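Numbering (the numbering used here), first residue to last: 2 to 240.
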């Protein structure tokens, strides 16, 4: 595996984007795609985990996220993918000054992507303490046409308090509650409870990490709105 340098990755356009479909669970119709970033293939910075760890170590996470968003948007536009685009954004980026979000809007215009197709997906890797600012930035983004999502509910800092404060359009349930759910009554109860709260608050639920037909059957039986995962990828490839 070759060693990669973060400076080279950022300044020589060495990022790439891949897209995982998110489907309506009942019909397997595509709702949208989550944009996933990759570093140079075969390098020490290929995985997003390694890439962002290097950025955090050098205090360049905001710079990296900005580059990632540009890369994902450009690729999404070039591929002419249908539906919504789920963009991963950290708490630090979400709470950045409004000028940062206006730059995102400019980028959308450059690639001719309507903001109403964009779902800002808040990742769970950072704690949020300034909920007043969070609500203010959420209002600003919604006025611009964006939807909001919480990623990995039940993991990291993706808490019920965050859900209450953000009032997202989509709630994505962490893979831990989906994995093996067909043989775990507690996981099924959790999924059902999240579904009920989400529907009462006007949110749609996305079950992440669906890897087997049995897990998909649980998601469908419980009335979870949307699904995402390798099992779905394979099903769509067969169609």
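By construction, the Cβ of each residue, glycine as well, lies at the ideal position given by its N, Cα and C atoms. In this text, all values refer to a predicted model and were calculated from it rather than measured experimentally.
- In the three-state reduction of the DSSP assignment, residue 91 falls in the coil class, being assigned neither a helical nor a strand state.
- DSSP places residue 33 within a strand segment (E or B) once states are collapsed to three.
- Per the Cβ contact rule, the region 200-212 is in contact with the region 223-232 (3 or more Cβ pairs under 8 Å).
- Short of 6 Å from the beta carbon of residue 52, and not among the five residues preceding or following it, lie these beta carbons of its own chain, in chain order: 40, 46.
- The beta-bridge partner set that DSSP reports for residue 21 consists of 35.
- Residue environment for residue 130: exposed (fewer than 16 other C-beta atoms within 10 angstroms of its C-beta).
- Secondary structure note for residue 238: it is in no beta strand (DSSP E), and the uninterrupted alpha helix (DSSP H) holding it is 231-239.
- Separation of residue 205 and residue 165 (C-alpha to C-alpha, rounded to the nearest whole angstrom) is 14 Å.
- Contact between the region 74-82 and the region 91-99 is not established, with fewer than three Cβ pairs separated by less than 8 Å.
- Contact between residue 116 and residue 84 does not hold, since their C-beta atoms are separated by about 14 Å, which reaches or exceeds 8 Å.
- Here residue 171 really is in contact with residue 150; their C-beta atoms are around 4 Å apart, less than 8 Å.
- Where residue 183 is concerned, there is no enclosing alpha helix (DSSP H), because DSSP gives it neither an H nor an E.
- Around the CB of residue 19, fewer than 16 other CB atoms lie within 10 Å, so the residue is classed as exposed.
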